[in-house]
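**Q**
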Amino acid sequence: MNSINNIYQYNSKKVFKILIALFILLFVSYISIFKGITDINLKRVLVIIFKNLSFNNTEPLSPREIVVFFDLRLARVVLGIVAGFLLAIEL
Numbered sequence: 000m001n002s003i004n005n006i007y008q009y010n011s012k013k014v015f016k017i018l019i020a021l022f023i024l025l026f027v028s029y030i031s032i033f034k035g036i037t038d039i040n041l042k043r044v045l046v047i048i049f050k051n052l053s054f055n056n057t058e059p060l061s062p063r064e065i066v067v068f069f070d071l072r073l074a075r076v077v078l079g080i081v082a083g084f085l086l087a088i089e090l
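Mapping of the sequence shown onto numbering that gives the first Met the number 0: residues 0 to 90, in sequence order.
1. Kindly indicate which three-state DSSP category residue 61 falls into: helix, strand or coil?
2. For the putative contact between residue 68 and residue 39, defined by C-beta atoms under 8 Å, what is the C-beta separation to the nearest angstrom?
3. Between the C-alpha atoms of residue 19 and residue 62, what's the straight-line distance to the nearest angstrom?
4. Which value, in whole angstroms, describes the spacing of the CA atoms of residue 76 and residue 24?
5. Buried or exposed: where does residue 27 fall if 16 or more other Cβ atoms within 10 Å of its Cβ makes it buried?
6. Just confirm the distance between the C-beta atoms of residue 58 and residue 37, as a whole number of angstroms; I'd bet it's less than 8 Å.
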């Protein structure tokens with residue numbers, strides 16, 4: 000019975016560490032995507048992604064901001080996550 004409790008505690012700690020790592024990844028990704036010289040607001044990005052959403056007093060992104068967001072910032076974050084994932088795979 001003690002062995003089962005040890006396994007459960009080990010797995011619980013592992014799941015907790017994974018959840019903390021995912022939270023940190025999301026937080027750092029948010030900062031990397033939305034903060035910079037061109038300050039892009041989350042609401043304005045959601046207006047572009049979901050064109051039917053109606054946010055009060057929210058202008059859509061300008062063409063320059065769309066290029067900065069989708070072509071530069073989002074691509075950098077996605078490629079960083081993929082590269083980190085591939086480096087973490089054990090062969």
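Ideal Cβ positions, reconstructed from N, Cα and C, are used throughout, including at glycine. In this text the structure is predicted, and so the values were computed from the model without any measurement.
**A** Per the coordinate set shown:
1. By one-based count along the sequence shown, residue 61 stands at place 62. Coil at residue 61, not helix or strand.
2. To locate residue 68, count along the sequence shown from 1; it is residue 69. To locate residue 39, count along the sequence shown from 1; it is residue 40. Correct: roughly 6 Å between the Cβ atoms.
3. One-based indexing of the sequence shown puts residue 19 at position 20. One-based indexing of the sequence shown puts residue 62 at position 63. Distance between the alpha carbons of residue 19 and residue 62 is about 36 Å.
4. Here residue 76 refers to the residue found at position 77 when the sequence shown is read from its first residue. Here residue 24 refers to the residue found at position 25 when the sequence shown is read from its first residue. Residue 76 and residue 24: Cα-Cα distance of roughly 10 Å.
5. As a working mapping, residue 27 is identified with position 28 in the sequence shown. Exposed, because fewer than 16 other Cβ atoms sit within 10 Å of the Cβ of residue 27.
6. In the sequence shown, counting from the first residue as 1, residue 58 sits at position 59. In the sequence shown, counting from the first residue as 1, residue 37 sits at position 38. Actually they do not touch by this definition, with Cβ atoms about 14 Å apart.
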